[in-house]
Every structure is written in C-alpha cells, then in structure tokens.
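Report on one structure; see the data block that follows.
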Amino acid sequence: MFWKWLARNGVYLAAAPLLVALMAVTFPPRLTDGVKHLIDVAGLWEGRFTWPDQSRSYPISLSIRPDGGYVFDSVHRSTKGVVVLERGRVLLRREGLVRGVSLYRGLSSGKAVLLGRNGDFGTYLLNKVN
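This note's numbering puts the first residue of the sequence shown at 35, with every later residue one more than the last.
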C-alpha cells in the first residue's frame with residue numbers, strides 16, 4: 035500500500051537514487067578490489083602488532099621488494115620470505131608457513147593499510163610509509 039502511494043506520487047523514482055547515495059556515503063567500501071601486481075604493495079610498511087586482549091602491543095615493520103621478497107622485523111624476531119598474490123590477497127610465505135593479510139584503504143585518509151591476524155595470537159596493522 036505504501037509503495038503504491040509512493041509510485042503514484044512519483045516520489046519512488048526520486049527516492050531510489052537518494053537512498054543509494056545515502057548508503058554509499060554511510061557505508062563506504064573498505065576492502066580494495068584486490069592486489070593485482072606486487073609493485074602495488076612493494077615498499078616499507080610500519081605498524082603495530084596487538085595481543086587479542088589488547089593488553090600489549092609492539093612496533094613492527096615489513097619491507098616488500100618489487101620482486102616479492104620481504105623482511106618482517108619486530109622486537110621479538112626478524113623473518114624473511116616471499117609475498118604471493120592469490121585472488122587479490124597478499125600472502126606472506128616463509129618456510130612452509132603462510133599468513134594472509136588484506137589490503138584496505140583508510141576511510142578518512144584513503145591510504146593503504148595491511149590488516150592481518152596471526153591465528154589466536156593477535157592482529158597486526160601496517161601503514162605504507164613509502
């Protein structure tokens with residue numbers, strides 16, 4: 035009944051584009067379309083690793099070469115491996131271990147952010163420095 039009234043009065047046609055615009059502003063997309071080339075993630079990334087209960091965190095850095103090689107540094111360890119792109123996701127591989135991270139764009143800054151989880155051990159958030 036309500037929709038018939040809207041359609042009769044022409045409001046329905048005007049309301050649809052406004053509703054779509056409002057949803058796009060209110061719920062902007064966060065996840066990128068996917069990483070297509072290693073050069074898109076190459077460079078220095080810095081951020082923090084945080085425990086699941088957020089009781090502790092420490093600085094981390096990730097340096098990715100254009101050929102896909104990477105070096106991960108933290109106060110606890112330094113590891114080397116290879117970045118592999120799979121279905122738009124960034125996978126960090128080292129000695130039989132694979133960690134997947136997602137590339138996001140910051141809502142306000144528009145800058146690239148790598149966000150990932152290390153099992154039940156915690157999460158890491160890295161911002162691209164250069």
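Note that the Cβ used here is the ideal one computed from N, Cα and C, for glycine as well.
{"Item": "Start and end residues, beta strand (DSSP E) containing W79", "Value": "77-84"}
{"Item": "Assigned exposure category for L131 - 16 Cβ within 10 Å defines buried", "Value": "exposed"}
{"Item": "Cβ-Cβ distance between F149 and I94 below 9 Å", "Value": "As written in the sequence, residue 149 is Leu, which differs from the Phe given in the question. No, the pair does not count as a contact, with Cβ atoms beyond the cut-off."}
{"Item": "For R90, the nearest candidate out of T157, L125, G103, V163 (CA to CA)", "Value": "T157"}
{"Item": "Proximity test, G156 beta-carbon vs the ligand ATP heavy atom, cut-off 8 Å", "Value": "Ligands are entirely absent from the displayed structure, and the ligand ATP is therefore not among its contents."}
{"Item": "Cβ neighbours of G103 in the same chain (closer than 8 Å, five flanking residues each side left out)", "Value": "K114, G115, V116, V117"}
{"Item": "Below-9 Å beta-carbon distance, F83 vs any chain C residue", "Value": "The chain labelled as chain C is not found in the depicted structure, where only one protein chain is given."}
{"Item": "C-alpha distance - P100 paired with W85, whole-angstrom precision", "Value": "30 Å"}
{"Item": "Nonlocal neighbours in the same chain, by C-beta distance under 6 Å from V105, ignoring five residues either side", "Value": "S97, K114"}
{"Item": "Closest by C-alpha distance to R82, when choosing among K70, D107, V75", "Value": "D107"}
{"Item": "Three-way DSSP call (helix, strand, coil) for Y104 in this model", "Value": "strand"}
{"Item": "Other residues of its chain near R128: CB distance less than 7 Å, five sequence neighbours each side excluded", "Value": "T113, K114, G115"}
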